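The numbering of the sequence shown is full-length UniProt numbering, which starts it at 1 and goes up by one. Idealized CB from N, CA, C, for every residue including glycine. Values in this document were obtained by computation on a predicted structure and should not be read as measured data.
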Amino acid sequence: MAGQIPRQFIDDLLARTDIVELIDQRVPLKKAGSKNYAACCPFHSEKSPSFTVSPDKQFYHCFGCGAHGNAISFMMEFEQLEFVEAIEELAKQLHMDVPREQGKGPARPAAQADDYSLMQQAADYYQQQLQQHANGPAVQQYLQKRGLSEKTINDFQLGYAPDGWDGVLKQLSGGKPKAVREQLVELKLVNRNDNGREYDFFRDRLMFPIHDKRGRVIAFGGRILNDGQPKYLNSPETRLFHKGRELYGLYQVRQQPGHLKQLLVVEGYMDVVALAEHDIRFAVACLGTATTSDQMHTLFRYSPKVICCYDGDRAGRDAAWRALQNALPQLKDGVELNFVFLPDGEDPDSLVQKEGKAAFMARLEQALPLSQYLFEHLLQEFDANTDGGKSALMARGSELIKQIPSTFYQETLQQKLDNLLGRTSERLKPAPNRQQVRPVPTGIKMTPMRRAIALLLQTPELVNVMPYAPELASADIPGISLLLAVQQHLLDKPGLTTAQLLEYWRDLPEHAILLKLATWQHQIEPEQLSAEFLDTFHSIEDQYLQQRLEALERKDKLKQLTQAEQHEYVLLLKALKSKKPRPVS
C-alpha cells in the first residue's frame, strides 16, 4: 500500500531504541534484580511496583494490569499516539527520517498541503511579522512591558498577526489551488462570511502557537495589543485541535532535562511565558476552559505532583473547584494535587515580575493540599452546625470521594469527613471504579508447543540450537506453523530482539498469544535454557512422528503403502521403540 512504513525501518528503529531509557524519561525506573528495571505502573493505580522493563527483551510488562509491549506500544499507550505517530516520534528522537514505500493505493492529492505543514507555515509567517513589526509602537511597548527576552520569544515561537485583512490568506494560498484556501478555512486560519468573502481570523494580535505533545503547531491564541475585545482570541476547534485535551506550554516543559517533579497549571498563555522568562519552566495553561479530566489525566502522566494556580477572586475559585472535580477520577496512588490562590488583582505574570522567582516559588511551597481545599469549599457550601447541613455535607462529600480510584485517598478523605461530622470513622470499602485494576491472572496452560514458542520468543538466540525441520509443517499440532514461522523469521533476520519479533506480528491474529507467551515466567536458569528448549522441541517431534506412524499403520491395514512408505514405516517403528517416552503435556 502506498505510504506504508517499510518493515526493515521498523526493525532498525526498535534496534536503536533503548526501551529502558525511553520509559525512564517518562516513568522513573529503579534496578530490580540483576537485569530488569521496575516502577509503579503508569497505566493503573498501585502502591508497590509491578511494572517491569527488560533491556534484554526490549519489552515491558505489568503484572498488575497486564499492560505489555515494546517501545512502539509504550509510546502509543503512554503518549496516546496512533501507530504511525508513535513511529514518527521515536524516529524524531533518534534523528531518523521515516521512509514510505511507493506503490498503488489511495494518496492525498499532492496539491493539498499537509495540515500540520500549513499550521507551521502560519506560525513562521507570524514570527517573521513580529520581527518586522518589532519596532512598531504597539508591539515594542508590549514586549518591553512584559520584559520578554529573545530566547523566550523564540522558545515559544511567539509571533504577530498584522492589522490587515488577508496577510495569512495571501501568504499561504497565493498561487495555490482552491483546495488550499478551503483547508485554511477548515483550520480556522481564515474566515469566510455569508457573502463568500475570505479574511484572516487573527489580526493585530500577539500570537501564541499551541503545540501538541509532538511539538506540531495545531492552533493559536492571539492577544490584542490595544484596548479592543476580546482580549484573547483562541482558535476554534478543528480536526487538529480539541481544546479540552491540550495544554499550552506542555511541549516546551517536556523539553527540559530530567524528570518533571511538578507541573504548575495557570490560566493564561502569558502566565506560562512570563514564568519561563523567570526560569520557572514547569508551567502549562488550559485553553480558555477549566482544567478538564482529560487534561488532568495528561498532567499526571508526566508528573506525580500537580499544582493548580488561580486568581483569588470568585471566578478563580470557581475554576479551581471545577478542576478539583475533574481531577478526582485521576487521583491514583502516588500522585498529589495542590492549589494556590493569588492575591486579588494579581496573576502569575504580574506577580512574578513584582516579586521575582524566589518569592513566587515560596508561594508554591505553601500550596493547599487537595484535602484541605476540598473541605474548605464544602464547609462554605453546607452548614455543618445543622442536621440538614451535616446530612447534605455527608452526601456530597461521599459522592465526591467515591470518584477517586486510590483506596488511600478514599480512606483518608472519608476519615476527615467523618471527623467533621462527629461520626465514628469506618473503613471505607473501595467503590467499584473502572480505573481500579485487579491483578491479571498469570497462569496459562503451557503445552509443549506454547513452551517452545515462549522460550524461542523470549530468548531468540535459541534459534541457533533449534533443528531445522520443515516437514513438521504437515503435523496436526496446534501452533506448529507459528513456531516454524518464528524460527524462519529469526533465520532470515539474525539478532532480532523479543520486541522486534512481536512487532512483526502486531496486526496479525497470532499477536495476542505471542504477547502472553512473551510475559510467561519460565523460571529456567540461563545455563539450562538450551537443554530445556531442545527437550521441548524433541517432544514436539515425537508427537509428529507418532502421528506419522499412525497414518502409515492405517494405510498398511488397507494394503495401500508404497515401497517408500513401507521403508519409512519400518524405520519409524524402530526409532520410536528405541526412544524413551517424553512428556507431551
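Whose C-alpha, out of the options, is nearest the C-alpha of residue i?
{"i": "Leu393", "options": "Lys416, Thr412, Ile404, Trp505", "result": "Lys416"}
{"i": "Leu400", "options": "Arg322, Pro470, Gln366, Asp333", "result": "Arg322"}
{"i": "Phe360", "options": "Asp349, Glu237, Ala512", "result": "Asp349"}
{"i": "Phe202", "options": "Ala161, Asp313, Gln141", "result": "Ala161"}
{"i": "Ala32", "options": "Arg26, Pro478, Pro42, Val20", "result": "Val20"}
{"i": "Val521", "options": "Arg451, Glu79, Phe382", "result": "Residue identity differs from the one stated: residue 521 is Gln in this sequence, not Val. Gln521 has its Cα closest to that of Arg451, out of Arg451, Glu79, Phe382."}
{"i": "Ile453", "options": "Pro467, Leu472, Glu471, Gly479", "result": "Gly479"}
{"i": "residue 599", "options": "Val465, Leu484, Leu342, Gln131", "result": "As displayed, the chain neither begins before 1 nor continues past 585, which places residue 599 out of reach and without an answer."}
{"i": "Asp494", "options": "Leu456, Glu527, Leu299, Tyr126", "result": "The sequence shown places Pro at residue 494, not Asp. Of Leu456, Glu527, Leu299, Tyr126, the residue nearest in Cα terms is Leu456."}
{"i": "Tyr126", "options": "Val168, Val98, Asp114", "result": "Val168"}
{"i": "Tyr92", "options": "Arg16, Ala123, Ala138", "result": "Checking the sequence shown, residue 92 turns out to be Lys, not Tyr. Ranking Arg16, Ala123, Ala138 by Cα distance to Lys92 puts Arg16 first."}
{"i": "Lys231", "options": "Pro257, Tyr269, Gly175", "result": "Tyr269"}
{"i": "Met119", "options": "Glu365, Gln171, Gly196", "result": "Gln171"}
{"i": "Tyr142", "options": "Leu342, Ala274, Arg363", "result": "Ala274"}
{"i": "Gln295", "options": "Leu324, Gly244, Pro343, Phe282", "result": "Gly244"}
{"i": "Gln458", "options": "His133, Thr498, Leu421", "result": "Thr498"}
{"i": "Glu79", "options": "Glu365, Val27, Asp347", "result": "Val27"}
Are there 16 or more other CB atoms within 10 angstroms of the CB of residue i, so buried, or fewer, so exposed?
{"i": "Arg554", "result": "exposed"}
{"i": "His567", "result": "exposed"}
{"i": "Ala518", "result": "buried"}
{"i": "Gln8", "result": "exposed"}
{"i": "Ala290", "result": "buried"}
{"i": "Asn226", "result": "exposed"}
{"i": "Thr292", "result": "buried"}
{"i": "Pro460", "result": "buried"}
{"i": "Pro448", "result": "buried"}
{"i": "Thr386", "result": "exposed"}
{"i": "Arg423", "result": "exposed"}
{"i": "Arg438", "result": "Confidence in Arg438 is poor, its pLDDT being 47 and thus under 50, which makes the residue's placement unreliable; the coordinate value appears in the next sentence. The residue is exposed, with fewer than 16 neighbouring Cβ atoms inside 10 Å."}
{"i": "Gln563", "result": "exposed"}
{"i": "Lys574", "result": "exposed"}
{"i": "Gln330", "result": "buried"}
{"i": "Gln500", "result": "buried"}
{"i": "His61", "result": "buried"}
{"i": "His68", "result": "buried"}
{"i": "Pro583", "result": "Caution is warranted here: a pLDDT of 47 is assigned to Pro583, below 50, making its placement in the model unreliable, and the coordinate value is therefore given only provisionally. Exposed, because fewer than 16 other Cβ atoms sit within 10 Å of the Cβ of Pro583."}
{"i": "Pro405", "result": "buried"}
Going by beta carbon distance, what residues of the same chain come within less than 8 Å of residue i, once the five residues before and after it are set aside?
{"i": "Leu572", "result": "Leu545, Arg548, Leu549, Leu552"}
{"i": "Tyr116", "result": "Arg216, Val217, Ile218, Leu240"}
{"i": "Ile210", "result": "Val217, Ile218, Ala219, Phe220, Gly221, Ser235, Phe241, Glu246, Tyr248, Leu287"}
{"i": "Gly356", "result": "His278"}
{"i": "Val465", "result": "Ser530, Phe533, Leu534"}
{"i": "Arg254", "result": "Lys213, Leu260, Tyr302"}
{"i": "Phe74", "result": "Ile19, Leu22, Ile23, Tyr60"}
Identify, in the order they occur along the chain, each residue of the same chain with its Cβ nearer than 7 Å to the Cβ of residue i, setting aside the five sequence neighbours on each side.
{"i": "Ser149", "result": "Glu277"}
{"i": "Lys188", "result": "Phe201, Ser235, Pro236, Thr238"}
{"i": "residue 601", "result": "This structure cannot speak to residue 601, because the chain is shown only from 1 to 585."}
{"i": "Cys40", "result": "Glu46, Pro49, Phe51, Gly334"}
{"i": "His377", "result": "Trp321"}
Whole angstroms are fine: how far does the CA of residue j sit from the CA of residue i?
{"i": "Glu246", "j": "Asp212", "result": "7 Å"}
{"i": "Val185", "j": "Asn191", "result": "6 Å"}
{"i": "Arg396", "j": "Leu13", "result": "51 Å"}
{"i": "Tyr37", "j": "Leu502", "result": "20 Å"}
{"i": "Glu565", "j": "Gln488", "result": "28 Å"}
{"i": "Asn70", "j": "Val463", "result": "21 Å"}
{"i": "Val352", "j": "Leu496", "result": "53 Å"}
{"i": "Gly389", "j": "Phe43", "result": "39 Å"}
{"i": "Ile307", "j": "Lys151", "result": "26 Å"}
{"i": "Met76", "j": "Lys145", "result": "42 Å"}
{"i": "Pro6", "j": "Leu29", "result": "32 Å"}
{"i": "Phe59", "j": "Leu515", "result": "10 Å"}
{"i": "residue 631", "j": "Trp505", "result": "The displayed coordinates of the chain run from 1 to 585. Any statement about residue 631 would go beyond what the structure contains."}
{"i": "Asp114", "j": "Gly175", "result": "17 Å"}
{"i": "Gly105", "j": "Met96", "result": "For Gly105, the pLDDT reaches just 45, beneath the cut-off of 50, and the residue's location in the model is therefore unreliable, although a value from the coordinates is still provided. Distance between the alpha carbons of Gly105 and Met96 is about 25 Å."}
{"i": "Arg317", "j": "Val53", "result": "42 Å"}
{"i": "Ser481", "j": "Ser34", "result": "35 Å"}
{"i": "Met1", "j": "Ala179", "result": "Here the model assigns Met1 a pLDDT of 43, short of 50, so the residue's position is not dependable and the matter cannot be decided."}
Return the chain-ordered list of same chain residues with a C-beta closer than 6 Å to the C-beta of residue i, the five sequence neighbours on each side being excluded.
{"i": "Ser303", "result": "Leu260, Gln262, Leu263"}
{"i": "Ile72", "result": "Ala86"}
{"i": "Leu370", "result": "Leu337"}
{"i": "Tyr251", "result": "His211, Gly215"}
{"i": "Phe382", "result": "Gly389, Ala392, Leu393"}
Would you check whether the ligand NAD has a heavy atom nearer than 7 Å to the C-beta of residue i?
{"i": "Leu552", "result": "The ligand NAD is absent from the structure shown, which contains no ligand whatsoever."}
Output the residue ranges of the beta strand (DSSP E) runs that lie fully inside the UniProt domain "Toprim" (261-343) and measure 3 residues or longer, sorted by chain position. When DSSP assignments are scanned along the UniProt domain "Toprim" (261-343), the uninterrupted stretches of beta strand (DSSP E) that are 3 or more residues long and fall wholly within it turn out to be 263-266, 283-285, 305-311, 336-342.
Continuous alpha helix (DSSP H) assignments of at least 4 residues falling wholly in the region 164-245: 167-173, 178-186
Can you give, in chain order, each stretch of the beta strand (DSSP E) that sits fully within the region 43-78 and has at least 3 residues? 51-54, 59-62
With a floor of 4 residues, list each alpha helix (DSSP H) that falls wholly inside the region 438-487, ordered by position along the chain. 448-458
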